[in-house]
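Start counting at 1 in the sequence shown, then tack on 9, and there's your number in my numbering.
All residues carry an ideal CB built from backbone N, CA and C; glycine is no exception.
Working notes, structure below.
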Amino acid sequence: MNINKNDIAVVVIDPQNDVLNEKRVSWDLVGKNVKLINFVTLMKKSVLLLALPISILANFSLRASADSTAGIVLSTKCRGGYNVNIWQKYTSGELLYRATSPNGNLSLGKGTSQATEGVRVYKFRSGIYQYWVWDGTLDNPQSGTLEVYKNNRILMKQACRKS
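Here it is in structure tokens:
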């Protein structure tokens, strides 16, 4: 067997969402076999299988941005080394905030979105902190802003570019 690293992909997936869900992108590839072997019933009957972590190694031709539970809405790179992504869950529509920075990583959920002053702003809260991500500016739709508030007072404001 010849292995060419340009032809191989390792995909880590959530089987319950990616393989066993008829609404997901992989269903066309695996659905027939899932039904044929009655996989869901076998899983329910086997306590051992439910107790073990499941991992699947597959070679699929999926977009690099494919995600099992959410789709990317906005991706920005901000001054100060802040990288912010806004995601939306497929099933519930919930907005998620994912950020990396020199100070660490932050993940938040239950965001809101509204059109304000001609641009969209995504707002997230964590205790006394609020995180606002502006999708564009009136002058430049490819720009944006990350604002962090503590007790409704601005702590930080960073210029961003869509990535």
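Residue pairing by DSSP places Ile137 in no beta bridge whatsoever. Residue Arg134 holds the alpha-carbon nearest to the alpha-carbon of Gly120 among Ile81, Ser172, Tyr158, Arg134. The Cβ-Cβ distance between Asp144 and Leu83 falls below 8 Å.
In the structure shown, Lys166 adopts extended strand secondary structure according to DSSP, grouped into three states. Here the C-alpha atom of Gly153 lies approximately 8 Å from the C-alpha atom of Thr85.
With contacts defined as CB atoms closer than 8 Å, Lys166 and Tyr138 fail to qualify as a contacting pair. Straight through space, the alpha carbons of Ser77 and Thr146 are spaced by roughly 31 Å. Check the Cα spacing between Arg88 and each of Pro111, Thr100, Leu115, Arg107: the tightest is with Pro111. Rounded to whole angstroms, the Cβ separation of Tyr140 and Leu117 is 7 Å, and the two are in contact under 8 Å.
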